[in-house]
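Q:
Number of protein chains: 2
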Amino acid sequence: MLFFRIFSLSQMMMRFDGRLGFPGGFVDPRDASLEDGLNRELLEELGPYFNTLKVTEQDYKSSQAREMPQKGVTHFFAKELKVEEMETIEKEAFSAKDHGLEVMGLIRVPLYTLRDGFGGLPAFLSNNFIGNSKSQLIFGLRTLRLVREEHIQDAIWSSQNIQF
Amino acid sequence: MLFFRIFSLSQMMMRFDGRLGFPGGFVDPRDASLEDGLNRELLEELGPYFNTLKVTEQDYKSSQAREMPQKGVTHFFAKELKVEEMETIEKEAFSAKDHGLEVMGLIRVPLYTLRDGFGGLPAFLSNNFIGNSKSQLIFGLRTLRLVREEHIQDAIWSSQNIQF
Numbered sequence: 001m002l003f004f005r006i007f008s009l010s011q012m013m014m015r016f017d018g019r020l021g022f023p024g025g026f027v028d029p030r031d032a033s034l035e036d037g038l039n040r041e042l043l044e045e046l047g048p049y050f051n052t053l054k055v056t057e058q059d060y061k062s063s064q065a066r067e068m069p070q071k072g073v074t075h076f077f078a079k080e081l082k083v084e085e086m087e088t089i090e091k092e093a094f095s096a097k098d099h100g101l102e103v104m105g106l107i108r109v110p111l112y113t114l115r116d117g118f119g120g121l122p123a124f125l126s127n128n129f130i131g132n133s134k135s136q137l138i139f140g141l142r143t144l145r146l147v148r149e150e151h152i153q154d155a156i157w158s159s160q161n162i163q164f
Numbered sequence: 001m002l003f004f005r006i007f008s009l010s011q012m013m014m015r016f017d018g019r020l021g022f023p024g025g026f027v028d029p030r031d032a033s034l035e036d037g038l039n040r041e042l043l044e045e046l047g048p049y050f051n052t053l054k055v056t057e058q059d060y061k062s063s064q065a066r067e068m069p070q071k072g073v074t075h076f077f078a079k080e081l082k083v084e085e086m087e088t089i090e091k092e093a094f095s096a097k098d099h100g101l102e103v104m105g106l107i108r109v110p111l112y113t114l115r116d117g118f119g120g121l122p123a124f125l126s127n128n129f130i131g132n133s134k135s136q137l138i139f140g141l142r143t144l145r146l147v148r149e150e151h152i153q154d155a156i157w158s159s160q161n162i163q164f
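Protein chains in written order, with full-length UniProt numbering: chain B, 1 to 164; chain S, 1 to 164.
#1: Looking at chain S, is there any beta carbon in it that lies within less than 8 Å of the beta carbon of B:Leu9?
#2: In the stretch 105 to 120 of chain S, which residues sit with their C-beta less than 7 Å from some C-beta in chain B, listed in chain order?
#3: Measure the alpha-carbon distance for residue 175 of chain S versus S:Phe94 and round it to whole angstroms.
#4: For B:Asp154, which residues in chain S fall below 7 Å Cβ to Cβ?
#5: Could you work out which residues of chain B lie near residue 235 of chain S, taking near to mean beta carbons separated by less than 7 Å?
#6: Strictly under 8 Å for the Cβ-Cβ distance: is S:Val147 near chain B by that measure?
#7: Output yes if chain B places a C-beta closer than 8 Å to the C-beta of S:Asp17; else output no.
#8: Closest by CA to S:Ser159, which one among S:His99, S:Tyr112, S:Thr143?
#9: With distances taken from CA atoms, which of B:Leu81, B:Lys97, B:Glu87, B:Ala96 is nearest S:His99?
#10: Could you tell me which of B:Leu114, B:Gly105, B:Gly117 sits nearest to B:Leu20, measuring between CA atoms?
#11: Taking Cβ positions, are S:Thr52 and S:Asn132 nearer each other than 8 Å?
#12: Put S:Ser63 into one of helix, strand or coil per three-state DSSP.
#13: Which bits of chain B does S:Lys82 rub up against, with CB to CB less than 7 Å?
#14: With DSSP run on the structure shown, which of helix, strand or coil describes B:Gly37?
#15: Let's test the definition: count the other Cβ atoms within 10 Å of the Cβ of S:Met1 and tell me whether it reaches 16, buried, or not, exposed.
#16: Taking beta-carbon pairs under 7 Å, can you tell me which members of the stretch 47 to 76 of chain S lie near chain B?
#17: At a cut of 8 Å, does the stretch 116 to 129 of chain B reach the stretch 116 to 128 of chain S through at least three beta carbon pairs?
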């Protein structure tokens, strides 16, 4: 069983199960390729505008095998969007087929840390994430150089020592 | 110092600081009343459509004194919306003044528990909430009878014993 996660700039979502995660899902026998399946899922979750963008093989970043809760491989894609593209996705997401069902809302990830040392990325990382999506987020921020390496390290450390 | 939180049906938001909370904010000297200040904040955070709805004294639910991080009183308002009203707020939220600044995205709260006993409300409650907004959420679900009392109790218990 294969499934995907996409990391679209700094966009994640609140899922139907109360956890944070990336848009994506399971590949289907009718999908001709990983990318086809991913684009189908993104269309369902982000709305029809995403059809004009599409993820390609060039957006592939990494894969991870897992045993639990079922055997599978997670494929991680990341696509850099222009600000206007991201804003259009946000604007049209309410008309997506899965809005209010699988997707409880799209959110932006704060890529900064506030002066108290917790607010921002550290506090965000202490939320409840599905599967390996937190490590995919950190991997994405690192490899796409969206956040400086020492800032990522500090944020991970702070998120584990956070005052709730 | 006074500030407010509104509990609009099952709507919360991801905040700029990486935590979940309700729309709302601090009252201001220019606000003629608590409700005026709250409606001003909701306009900034939810967008111009909210101007046609407005919170009134009838929507007041409770107050709570706090000492930390500064002395203050939190006033909690809850307004029941029609589904179409909630959907219009979601649709227009991207055009709110604070979208992408204070508000990283509006989300719906899952008011159910999935068959695994964790997914849904319990997993949602194990996210990172600002201030007393988690207890306000539970108070709101309880007093507005949106969720059955035994379901709330189970969800709180499960959220404290959750498998991440």
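For glycine and all other residues, C-beta sits at the position ideal for the given N, C-alpha and C.
Owing to the predicted nature of the structure, the values given are computational and were not obtained by experimental measurement.
A: Taking the structure as given:
#1: Low local confidence applies: a pLDDT of 47 at B:Leu9 is under 50, so the model's placement there is unreliable, and no value is given.
#2: Answer set for the stretch 105 to 120 of chain S: Gly105, Leu106, Ile107, Arg108, Pro110, Leu114, Gly119, Gly120.
#3: Outside the displayed span of chain S (1 to 164) sits residue 175 of chain S, for which this structure offers no information.
#4: Residues of chain S with a Cβ closer than 7 Å to the Cβ of B:Asp154 do not exist, since the nearest Cβ in that chain sits about 14 Å away.
#5: The displayed coordinates of chain S run from 1 to 164. Any statement about residue 235 of chain S would go beyond what the structure contains.
#6: With 8 Å as the cut-off, S:Val147 does not count as an interface residue toward chain B.
#7: Yes, because at least one Cβ of chain B sits closer than 8 Å to the Cβ of S:Asp17.
#8: With distances taken between Cα atoms, S:Ser159 lies closest to S:Tyr112.
#9: Considering only alpha carbons, the answer is B:Glu87.
#10: If we check each option's Cα against that of B:Leu20, B:Gly105 comes out closest.
#11: Not in contact: S:Thr52 and S:Asn132 (Cβ atoms no closer than 8 Å).
#12: Here DSSP, grouped into helix, strand and coil, assigns S:Ser63 to strand.
#13: Within chain B, no residue comes near S:Lys82; the closest Cβ sits about 14 Å away, beyond 7 Å.
#14: In this structure, B:Gly37 counts as helix in the three-state DSSP scheme.
#15: Residue confidence is low: S:Met1 scores 35 on pLDDT, short of 50, so the model does not pin down where it sits. Its coordinate-derived value is still stated next. Its Cβ having fewer than 16 others within 10 Å, S:Met1 is exposed.
#16: Listed by position, the residues of the stretch 47 to 76 of chain S near chain B (Cβ gap below 7 Å) amount to none.
#17: The answer is yes - the stretch 116 to 128 of chain S touches the stretch 116 to 129 of chain B, with three or more Cβ pairs under 8 Å.
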